[in-house]
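Undergrad: Residue numbers (the numbering used here), protein chains in the order written: chain A, 1 to 139; chain B, 1001 to 1139.
We put the beta carbon where it would ideally sit given N, CA and C, even for glycine.
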DNA sequence: GAGTAAATCGTAGTCATTCCGAATTGGAAA
DNA sequence: TTTCCAATTCGGAATGACTACGATTTACTC
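(1) If I measure Cβ to Cβ from residue 20 of chain A and keep anything under 6 angstroms in the same chain, skipping five residues before and after, which residues do I get?
(2) Rank B:1130, B:1125 and B:1004 by C-alpha distance to the C-alpha of residue 1030 of chain B and give the top, closest one.
(3) Just checking: is the beta-carbon of residue 1080 of chain B within a distance shorter than 9 angstroms of some beta-carbon in chain A?
(4) Based on Cα-Cα distance, which residue from B:1012, B:1006 and B:1074 lies nearest to residue 1023 of chain B?
(5) Between which residues of its own chain and residue 1078 of chain B is the CB-CB distance below 8 angstroms, once the five residues before and five after are set aside?
(6) In angstroms, rounded to a whole number, what distance separates the CA positions of residue 1147 of chain B and residue 1025 of chain B?
(7) For residue 57 of chain A, would you say it is in contact with chain B, using Cβ-to-Cβ distances shorter than 9 angstroms as the test?
(8) Since residue 122 of chain A and residue 1075 of chain B are thought to touch, with beta carbons under 8 angstroms apart, how far apart are those beta carbons, to the nearest angstrom?
(9) Short of 7 angstroms in beta carbon distance, which residues of its chain neighbour residue 99 of chain A, apart from the five on each side in sequence? Order them along the chain.
(10) Is residue 1095 of chain B helix, strand or coil when you go by DSSP?
(11) Could you please give the first and the last residue of the uninterrupted beta strand (DSSP E) stretch that includes residue 121 of chain A?
Written as structure tokens, this is what we have:
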């Protein structure tokens, strides 16, 4: 998803267009990796010094609920990135050095649903952690 | 892993046998599902009212480090369960109602390592969330 | 049984996140 | 364009999980 699509989605869901929301979404579009609320605040501190934490947290949660963002929980923090909606269902490799993500199309959920016939399955999480090629050589 | 094996492991790593550690490990053996530090404190409150949070957190972390426990992060909390060491590498289905877990032998990591030849892969997480058969009918 | 390092206690501190009342503002309606 | 109001934001306080730390107690060795 890109910035313009995200703004359309916001409008269609009855949300207002505010400078805070524009700045947060522009940042996430540019970074293309998982950022925490704190990361967002730091990155916007210069151009938006008065943006409160409440605003950052509330908007990130809203965006995540309406699927503009993808969300995960890592190292005791909630982290967010732009939703990859050009592709179907997918997961990510996450570089623990730089935060870079790599899309993975592999998902074993078909086998899981077959293996658990009497269970209701609502959700799942599949994430791979390590170092990306850039950080392998750098470290 | 069971209580006795866990106590052996503690001894072999030079840890002392204390009433706190016994109580925590007995509880986790009995429950056989993911518990948070808070869950542990509540469950032990009657018989061990003076056990401090420091003791609970420190011991859960130690046990996790030495692979007596398995650990995950769920709903903003660290959760722990006895390590399933009779079986090889595995993952879990986790019931969001009662916390019951079901072992999954399915894991797609071979395909992932093939798909990411120039990445260093250190770890991964694969969890499935939903309702177990008991909670399906109850809910 | 005495000595010592480990473990625990009680409490205070940290950090991410949420809550809340007051002030501001985007955007529809007049 | 101006008015208006619910949505949004701000600032700061509150919450909750987790960690840190000095003082005290305890498990284990000799």
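TA: Concretely, from the data shown:
(1) In the first chain, the residue the question calls residue 20 of chain A occupies position 20. 51 and 55, listed in sequence order.
(2) One-based indexing of the second chain puts residue 1030 of chain B at position 30. Per the Cα distances, B:1004.
(3) In the second chain, residue 1080 of chain B corresponds to position 80, counting from 1. Judged by the 9 angstroms Cβ criterion, residue 1080 of chain B is not in contact with chain A.
(4) Here residue 1023 of chain B is taken as the residue at index 23 of the second chain, counted from 1. The residue with the shortest Cα to Cα distance from residue 1023 of chain B is B:1006.
(5) By 1-based counting over the second chain, the position of residue 1078 of chain B is 78. Excluding sequence neighbours, residue 1078 of chain B sits near 1036, 1037, 1060, 1071 and 1072.
(6) Past the edges of chain B, shown from 1001 to 1139, lies residue 1147 of chain B, and the structure says nothing about it.
(7) Position 57 of the first chain, counted from the start, is the residue given in the question as residue 57 of chain A. Not one chain B Cβ lies under 9 angstroms of residue 57 of chain A.
(8) As a first step, residue 122 of chain A is located in the first chain; it is residue number 122 there, counting from the start. As a first step, residue 1075 of chain B is located in the second chain; it is residue number 75 there, counting from the start. Wrong, their Cβ atoms sit about 14 angstroms apart, outside the cutoff.
(9) The sequence position of residue 99 of chain A within the first chain is 99, counting from 1. Once the five neighbours on either side are set aside, the close Cβ partners of residue 99 of chain A are 33 and 34.
(10) For the purposes of this step, residue 1095 of chain B is taken as residue 95 along the second chain, with counting starting at 1. Strand, per DSSP.
(11) Indexing the first chain from 1 puts residue 121 of chain A at position 121. Counting along the chain, residue 121 of chain A sits inside the beta strand (DSSP E) bounded by residues 120-131.
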